[in-house]
Amino acid sequence: MSISSSPTATEAAELMSSLGITRVPADRYHYKTWRYSNLGDAVAQARRDASLSPPNLNQSKEHA
């Protein structure tokens, strides 16, 4: 069986079975535009972003 085109679900199952390949569910974590397979990486990025202070646009100008 060639895998050059997308196999049907049945073909994929047969191919996987014949080669000893198993499919397992995997969690994915999304944070903003990034995707992570490891929760710790997603948390670390979110914490880095949270530690950045946004610019204060309401500062009064003392010296004009």
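Quick note: the sequence shown uses our numbering, first residue 9, plus one each step.
We put the CB at the ideal spot given by N, CA and C, even for glycine.
_Give me, in chain order, the residues of the same chain whose beta-carbon lies closer than 6 Å to that of Ala50; leave out the 5 immediate sequence neighbours on both sides._
Residue 50 sits at position 42 when you count from the first residue of the sequence shown. Cβ within range, chain order: Tyr37, Tyr39, Tyr44.
*asked:* Run through the DSSP bridge pairs and tell me what Arg43 is partnered with.
replied: Your numbering for residue 43 matches position 35 in the sequence shown. Per DSSP, His38.
*For Ala72, which of helix, strand or coil comes out of DSSP?*
Along the sequence shown, one-based indexing puts residue 72 at 64. Annotation note: pLDDT 48 at Ala72 (below 50); position unreliable, no value reported.
_Rounded straight-line distance, which links the Cα of Ala21 to that of Asp35_ = Position 27 of the sequence shown, counted from the start, is the residue given in the question as residue 35. Position 13 of the sequence shown, counted from the start, is the residue given in the question as residue 21. Taking the straight line joining both Cα atoms gives about 21 Å.
_With H, G and I counted as helix, E and B as strand and the rest as coil, what does DSSP make of Leu23?_
Counted from its first residue, the sequence shown places residue 23 at position 15. Of the three classes helix, strand and coil, the one that applies to Leu23 here is helix, per DSSP.
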